[in-house]
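Q: Protein chains in written order, with the numbering used here: chain A, 1 to 450; chain B, 1 to 302.
Ideal Cβ positions, reconstructed from N, Cα and C, are used throughout, including at glycine.
Bear in mind the structure is a predicted one, so any value in this text is a computation, not a measurement.
After the C-alpha cells below, expect a handful of questions from me.
Take a look at the structure:
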C-alpha cells in the first residue's frame with residue numbers, strides 16, 4: 001500500500017517541473033516591468049459576448065511598445081478544456097482571459113501555485129499617465145474582486161451591475177413609475193396585472209437570475225454585515241432577519257400571482273424574449289442583457305435598469321445601492337515563458353484607450369475609471385452608468401458563488417423551489433443553511449474570509 | 001511459412017491493440033488510480049486519500065439523487081423501448097396478415113422510424129425543449145386542442161413530470177434503431193416455420209409469441225444491454241433540457257451530470273473519478289445480470 005501511495009502522490013502526468021527561471025529585461029522608464037527584449041508573447045482569450053476587438057487593441061499597443069516581439073493572439077470558447085493540460089504540464093500561455101462557462105477554477109489555480117502575483121503590475125505606472133499607478137485607474141472593488149487570501153491574482157475587465165430591467169417607453173405610455181420600495185413594487189404589480197400584462201418574468205431554468213434581486217434585497221436590509229456573514233459561512237447566516245424578509249418579499253410575487261405563468265420552466269432566452277415582446281414588465285438581470293438581446297429588442301423599447309427597491313424603511317443600505325462586480329478575469333500563469341510580457345500586456349489592456357474602445361465595441365462598462373466619459377451611450381448602458389453613479393460607494397457583492405460552488409448549486413435549487421411555490425421562505429432558508437453548514441464542516445473545501 | 005504467418009498475425013493485431021491500449025485501457029487505468037487521490041485537475045501533484053472518495057459518495061445527496069433517477073430510467077427505458085420496437089417491427093413484418101407481410105406502406109414506416117436516430121442528442125434536446133415549453137409549447141398546445149387542457153403544465157419545471165419527460169425523449173429517440181434491428185432479425189425467421197404454424201391454425205399473436213419472439217431473442221438480449229447502458233447515461237439530454245440543470249429540486253440529476261459538475265465546476269477530479277469508477281462497476285454488474293436473466297435455450301435452425 002505504501003508503494004502505491006508513493007506512486008499515486010507523484011506526478012499525475014508527465015511534466016510539472018519547477019517554474020523556469022524568469023526571463024527579465026532591463027527596467028527603464030519605458031519598460032517599467034522589465035520585459036525582456038525580443039521575447040515572444042502568447043495571449044489566449046475567451047471569445048465571448050464582448051468580442052475580441054479590445055484584446056486585439058491591446059496587442060497593437062503592445063507591439064508598438066515592443067516591436068521586436070512576436071505576439072500570438074488566440075480566441076477560444078472553452079478556455080478550460082484547452083488550457084487545463086497546458087497548466088498541468090507546465091507550459092501555459094503568458095496571459096489568459098479565463099472567462100465563460102468552460103473557464104478554469106481560479107481559486108484552484110491559485111491554490112496550486114499556478115498564478116503570478118499581480119501586485120507589481122498594480123504599482124506600475126499606467127500607460128495613460130506615468131504619475132498614476134495602474135491600481136488607481138481601476139474602479140473601486142476591482143482589485144478586491146481579484147484578490148485571494150491577500151494576493152491579487154487576477155484582474156477583471158468588465159463591470160457588471162445587477163438590477164431590475166424595464167422598458168422606459170412601456171412605463172411612460174402606461175404612466176407607471178419605477179418603485180423605490182418593495183411595498184410600492186407589490187402595489188404596482190397589481191396595477192400592471194390589471195393592465196393585462198404579467199408584472200414579472202424570470203429565467204426559470206437558471207434560478208441564479210432571481211437570486212440576484214433576492215440577495216440584493218437582503219443586503220440592503222442587513223447591510224454588509226449580512227453579506228459577510230453569508231460569505232464567511234457563519235452559523236445561521238441564511239436565517240438572519242434580512243435574509244428571511246428578502247425571501248418573503250420575493251415569495252410574495254409568487255403568492256400574489258405576479259409572475260408570468262410557466263416562467264419557472266423558461267430558459268433565459270425564452271424569458272428575456274417574452275419580456276422584450278411586452279409579455280412581462282419586469283425582468284431581473286445583469287447589465288449584459290442589452291448586448292445579449294440586441295437582435296430581438298424592438299425599436300423604441302428603451303430598456304433600462306433600476307436598482308432593486310428598498311426592502312423596508314429601516315434598511316442598512318440606501319435605495320440606490322446595487323449589486324455589482326467585475327468579470328472577464330485576466331491572469332498571468334506562474335509557469336508562463338514570458339510572465340513579464342504578460343504583465344506588460346495587461347498594462348496595455350487596462351489603459352484608458354483600450355477601455356474606451358471596449359465601451360464602444362462591447363457595449364459594456366469597463367473597470368477603468370472615466371472610460372465612458374464623453375461617449376454617447378445606448379439606453380441600457382446609460383442607465384447602468386447612472387445607477388453606478390447614484391450608488392457611489394454603495395456597491396456590494398457576494399463571494400459565496402465563486403468561493404463555494406457546491407453551496408451555489410444548492411442555493412439555486414432551493415430558489416427554484418421557492419419561485420415555483422413549492423417551498424416557503426422558512427424551508428428555503430433552512431435548506432440553504434444546511435448546505436452552508438455542510439460546506440463549513442467539509443475539510444476538503446478550501447475556506448476564504450472577507 | 002510458419003514464421004511468415006505469425007509475423008502477419010502480429011502485424012495485423014498490433015496497431016488496433018496499441019490504439020485500444022492507449023485510448024481505452026490507459027484512461028480507464030488512470031481513472032482508477034485518480035479515484036484514490038484528491039487531484040484538483042490543475043496541479044501536477046495529487047495526494048493519495050485511499051478509499052475516502054468512495055466513502056463520501058454515500059453521503060452525497062446529489063449522487064444519491066442521481067442513482068435514484070438513473071435507477072428509474074434503467075427500469076423504464078429498456079423495457080418500454082423494446083416493447084415498442086417489438087410491436088412496431090412485428091407490425092412491419094407480420095401485421096399485414098398471417099403470411100409474412102407487413103402493414104401497408106411498411107417500407108416507408110421503416111425509414112420514418114429511423115429518422116430520430118439521425119439527429120444528434122443536442123438537437124433532440126433543443127427540439128424537445130420547445131415541445132415542453134410551458135404555456136404555448138407544442139405538447140401543451142396539443143393537449144389544449146384535444147380538450148385535455150387540464151393536463152397542461154410546465155413539464156420540465158415540475159419535479160413530478162421532469163424525469164418522465166426526459167425519459168420519454170430517450171425512448172422516442174431509441175425506438176427507431178431497435179425497430180430496424182428487430183425487423184431484420186424477424187425477416188431472417190424461416191418462412192416455412194411460420195407457414196407450418198399458420199397451417200396448424202396459429203393466429204398472428206400466437207405466431208409472434210411462439211415463433212418470432214423466441215427466434216429473435218438474441219437481438220432482444222443485446223438490445224437490453226445497450227439500452228441499459230444508455231439509461232445509465234442521459235447526461236447530454238439532462239444538461240441541455242432541464243432546469244438547473246439537474247432540476248427542479250434535483251429531480252433529473254443523473255450520475256454523468258454529478259460527475260461532470262464535480263470535475264469541471266468544483267475541481268474535484270479525484271472525487272469525480274471515484275464516481276466514474278462506481279458507474280463502471282454498476283454498468284458491468286447490470287450487464288452481467290441482464291445477460292443472465294434473459295438467458296434462454298438457443299434455438300438452432302438447421
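Thinking just about the alpha-carbon of each residue, which of 335(A), 405(A), 307(A) is nearest to the one in residue 384(A)?
A: Comparing Cα-Cα distances from residue 384(A) to each of 335(A), 405(A), 307(A), the minimum goes to 307(A).
Q: Please state if the CB of residue 184(B) and the CB of residue 228(B) are separated by a distance shorter than 8 Å.
A: No, these two residues do not count as a Cβ contact at 8 Å.
Q: For a contact defined as C-beta to C-beta under 9 Å, what are the partners of residue 216(B) on chain A?
A: By Cβ distance, chain A contributes nothing, its closest Cβ being about 41 Å from residue 216(B), past 9 Å.
Q: Decide if residue 167(B) is buried, meaning its Cβ has at least 16 other Cβ atoms within 10 Å, or exposed.
A: By the 10 Å Cβ count, residue 167(B) comes out buried.
Q: Just list the residues that DSSP pairs residue 323(A) with in beta bridges.
A: Answer by DSSP bridge pairing, in chain order: 162(A), 396(A).
Q: Could you check where the beta strand (DSSP E) with residue 75(A) kicks off and where it finishes?
A: Residue 75(A) -> beta strand (DSSP E) spans 71-76.
Q: Quick check on DSSP: helix, strand or coil for residue 289(A)?
A: Residue state, collapsed to three classes: helix.
Q: With a threshold of 7 Å on Cβ separation, who are the neighbours of residue 272(B) within its own chain once the five nearest residues in sequence on each side are excluded?
A: Hits under 7 Å: 259, 262, 263.
Q: Let me check you understand the geometry: is the CB of residue 321(A) closer than 7 Å to at least one non-hydrogen atom of the ligand HEM?
A: Here there are no bound small molecules, and the ligand HEM is not part of this structure.
Q: Taking the beta carbon of residue 20(A) as the centre, do at least 16 other beta carbons fall within 10 Å, making it buried, or is it exposed?
A: The predicted position of residue 20(A) is uncertain, since its pLDDT is 47 and thus under 50; no value can be drawn from it.
Q: In chain order, what residues of the same chain lie with their CB nearer than 8 Å to the CB of residue 34(B), ignoring the 5 residues before and after it?
A: Excluding sequence neighbours, residue 34(B) sits near 46, 269, 270, 273.
Q: According to the Cβ coordinates, are residue 162(A) and residue 294(A) closer than 8 Å?
A: No. Outside cutoff.
Q: Compute the Euclidean distance between the alpha carbons of residue 114(B) and residue 90(B), then round it to the nearest angstrom.
A: If I take the Cα positions, the gap works out to 16 Å.
Q: In or out: residue 178(B) buried (at least 16 other Cβ within 10 Å) or exposed?
A: It counts as buried.
Q: When the distance is taken between beta carbons, is residue 264(A) closer than 8 Å to residue 420(A)?
A: Against a cut-off of 8 Å, the Cβ pair of residue 264(A) and residue 420(A) comes out as a contact.
Q: Is residue 402(A) closer than 8 Å to residue 214(A) when the C-beta atoms are compared?
A: Against a cut-off of 8 Å, the Cβ pair of residue 402(A) and residue 214(A) comes out as no contact.
Q: May I ask you to report which of helix, strand or coil DSSP gives residue 200(A)?
A: Looking at residue 200(A) - three-state DSSP - the assignment turns out to be strand.
Q: Answer yes or no: do residue 287(A) and residue 397(A) have a C-beta to C-beta separation smaller than 8 Å?
A: Their beta carbons are not under 8 Å apart, which means residue 287(A) does not touch residue 397(A) by this criterion.
Q: Check the DSSP bridge columns for residue 154(A) and list the partner residues they point to.
A: According to DSSP, which records beta bridges pairwise, residue 154(A) is partnered with 331(A).
Q: So, helix, strand or coil for residue 152(B), using DSSP?
A: In the structure shown, residue 152(B) sits in coil (DSSP, three-state: anything other than H, G, I, E or B).
Q: For residue 112(B), which of helix, strand or coil comes out of DSSP?
A: In the structure shown, residue 112(B) sits in a helix (DSSP, three-state: H, G or I).
Q: Note down the Cα distance separating residue 293(B) from residue 67(B), rounded to an integer number of angstroms.
A: Cα to Cα, the separation comes out at about 22 Å.
Q: Could you check if residue 58(B) is buried or exposed, using at least 16 other CB atoms within 10 Å of its CB as the buried criterion?
A: By the 10 Å Cβ count, residue 58(B) comes out exposed.
Q: Please list the partners that residue 43(B) has in chain A, where partner means a Cβ-to-Cβ separation under 7 Å.
A: Those are 112, listed as they occur along chain A.
Q: Rounded to a whole number of angstroms, what is the C-alpha to C-alpha distance between residue 77(A) and residue 60(B)?
A: If I take the Cα positions, the gap works out to 31 Å.
Q: Do residue 51(A) and residue 362(A) come within 8 Å of each other at the CB atom, strictly closer than that value?
A: In contact: residue 362(A) and residue 51(A) (Cβ atoms closer than 8 Å).
Q: Run the CB neighbour count on residue 15(B), radius 10 Å, all protein chains shown included, and call it buried at 16 or more, exposed below.
A: It counts as exposed.
Q: Assign residue 130(B) to buried or exposed, taking buried as 16 or more other Cβ atoms, counted over all protein chains shown, within 10 Å of its Cβ.
A: Counting Cβ neighbours within 10 Å, residue 130(B) comes out exposed, since fewer than 16 surround it.
Q: Give me the subset of the stretch 68-89 of chain A whose CB atoms are less than 9 Å from a CB atom of chain B, sorted by chain position.
A: Result list: 80, 81, 84, 87, 88, 89.
Q: Measuring alpha carbon to alpha carbon, tell me which residue in 287(B), 103(B), 255(B) is nearest residue 65(B).
A: It is 255(B) whose Cα lies nearest to the Cα of residue 65(B).
Q: So with CB distances below 7 Å, who are the chain B contacts of residue 105(A)?
A: Ordered by position in chain B, the residues that pass the 7 Å Cβ test against residue 105(A) are 267.
Q: For residue 22(B), count neighbouring C-beta atoms within 10 Å of its own C-beta (all shown protein chains included) and say buried if the count is 16 or more, exposed if not.
A: By the 10 Å Cβ count, residue 22(B) comes out exposed.
Q: Ignoring anything shorter than 3 residues, give me the beta strand (DSSP E) runs that lie fully in the stretch 87-142 of chain A, in order along the chain.
A: Listed in chain order, the complete beta strand (DSSP E) runs (minimum 3 residues) inside the stretch 87-142 of chain A are 95-98.
Q: So which residues of chain A does residue 15(B) contact, with C-beta pairs closer than 8 Å?
A: Per Cβ cutoff of 8 Å: no residues; residue 15(B) is ~24 Å from chain A at best.
Q: Should residue 7(A) go down as buried or exposed, given a rule of 16 or more other Cβ atoms within 10 Å for buried?
A: Any answer about residue 7(A) is weak, because its pLDDT of 38 lies below 50 and its placement is not dependable; what the coordinates show is given next. The residue in question, residue 7(A), is exposed, as its Cβ has fewer than 16 Cβ neighbours within 10 Å.
Q: Residues in the same chain with beta-carbon distance under 8 Å from residue 408(A), minus the five sequence neighbours each way, listed in chain order, please.
A: The answer, listed in chain order, is 208, 400, 401.
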